[in-house]
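Whatever position you read off the sequence shown (first residue = 1), add 8 for this note's numbering.
Take a look at the structure set out below.
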Amino acid sequence: MLASYAVHPEQSRGRRYAETPHPYRDIFQRDRDRVIHSRAFRRLEDKTQVFTRRDSDHFRNRLTHTIEVSQASRTVAAALRLNVDLTECLALVHDIGHAPFGHAGEGALDECMRAYGENYDHNLHALRIVEDLEQRYAAFRGLNLTFEVREGIIKHSRDYSPVLFPQLREYLLDLRPPLEAQLIDLTDEIAYNTADLDDGIESEVLCLDDLESGLDLFGSLFRKAAAMHASAPRKLIFNEAIRELYNLFASDLIENTSQRLLDLGIENQDQVRQASSRIAAFSPEVDRHRAAIKTYLTEHLYNSSDLVADRAESERVVRDLFTFWVQHPDRLPRNYQARLEDWPPHRVVCDYIAGMTDSFVLNQHRALCGGSALLHA
Ligand code: MG
């Protein structure tokens, strides 16, 4: 039942190391399972999405966010008759390269690496994880994922210039990624925009009255839900409005992408790859609402005083540890010391810190750099 423009498993460009086909699972189903069984995937459970576990255990962490993205992605992919297994695999792996402490950790690591003329980029780090850092198999390093999954890891959220990133040349940087990969950035945004409104209200950093007056689309959905459930508690009316918002974004993504495929006369994967821009997209009207929510969240949640103080302290913790291990590489664990034969210390330290959970970072910081008065594991 796959559409002609979907990625068909038998058309895959395959793995780096040939493997015997599995009797019950195709290559993308196997890749999805390899991601789930990886150490980096399990560690998402204790990595910050927006709020940390110190705030409350109700909020999303990077693992539950990932599961939400996977669920939305599967629905959208199935409705468009795309390859659901490949889409699910790309959703499950999409945040695997994220550092501890969310964007604070990412920013701090990037700043540390820039002092050495390099950088930290979570998509490139995800590729390092699945190609090299994960060690599970006797026959090869990494997870030996298919080309399409590795390409999706690199290309799902941005375009990399072939001139600036010659090391990524094999991933067809001048061509668009398949639709399965194009979806992920959009379903990611559906998931985190609605979840961050939800966690923002739950944490009381956001205020429901301000949300209703500040965001047109949310305001109208909230009033509609209130009219339908006049005696329900406000929090449950809010939940109904968030559900509708989620549904509206996912439906619009399905319908608008479907229409674009028709308008552009797309009939096969080559046409998807050759198209002048990405085909998966929200309609212009819904995209304006998406952008408005994102701006609202940036101003009122991500940059709120409640989150900013925590973020500055998280950055300091990462910087302290980075400096410590670059100066004392002999204090790295033995498997990372072994990597010093192939990589400079700053790269080894960056890989090590990027893989850590929030609590492990804080424990290490307490043991080696005196700890943080503000953050507790
Ligand atoms: Mg994400």
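Here a beta-carbon is modelled for each residue, glycine too, at the ideal position from N, C-alpha and C.
Coil, strand or helix - residue i by DSSP
i	result
T306	helix
T365	coil
N131	helix
R331	At residue 331 the sequence reads Thr, which differs from the Arg that was named. Three-state DSSP puts T331 in a helix.
N247	helix
N69	strand
T74	helix
T28	coil
T60	coil
E18	helix
Selected residue, minimal CA-CA separation from residue i, among the options
i	options	result
T4	D63, A234 and A123	What the structure shows of the chain is the stretch from 9 to 385, and residue 4 is not part of that stretch, so it cannot be assessed.
H164	F49, R242 and L183	L183
V334	L315, R355 and A317	R355
D314	Y32, L214, I75 and A86	L214
P174	G227, L132, V369 and Q267	L132
E323	Y13, C120 and S20	C120
R327	T365, A300 and V369	V369
S291	Y304, S312 and D260	D260
G105	L94, D93 and I137	I137
P108	Y145, R70, V77 and E18	R70
G115	D218, L253 and H130	H130
R268	D278, N255, L256 and A283	A283
A299	F257, L244, P185 and D338	F257
A189	F155, S380 and L244	F155
Residue i versus residue j - alpha carbon distance
i	j	result
D318	A112	9 Å
I75	Y200	11 Å
E321	L172	33 Å
R342	A375	18 Å
D359	R40	23 Å
E248	D63	25 Å
S285	L225	27 Å
L187	D271	16 Å
T306	S228	21 Å
L153	D207	34 Å
N127	L117	8 Å
Nearest-angstrom Cβ-Cβ length linking residue i and residue j, presumed shorter than 8 Å
i	j	result
T265	A289	6 Å
V157	L98	7 Å
V294	I287	Wrong, their Cβ atoms sit about 16 Å apart, outside the cutoff.
C377	L329	6 Å
V84	T195	6 Å
L90	I44	Not quite, the Cβ-Cβ distance comes to about 20 Å (not below 8 Å), so this is no contact.
I161	L135	6 Å
In chain order, what are the residues with a CB under 5 Å from some non-hydrogen atom of the ligand MG? D103 and D196
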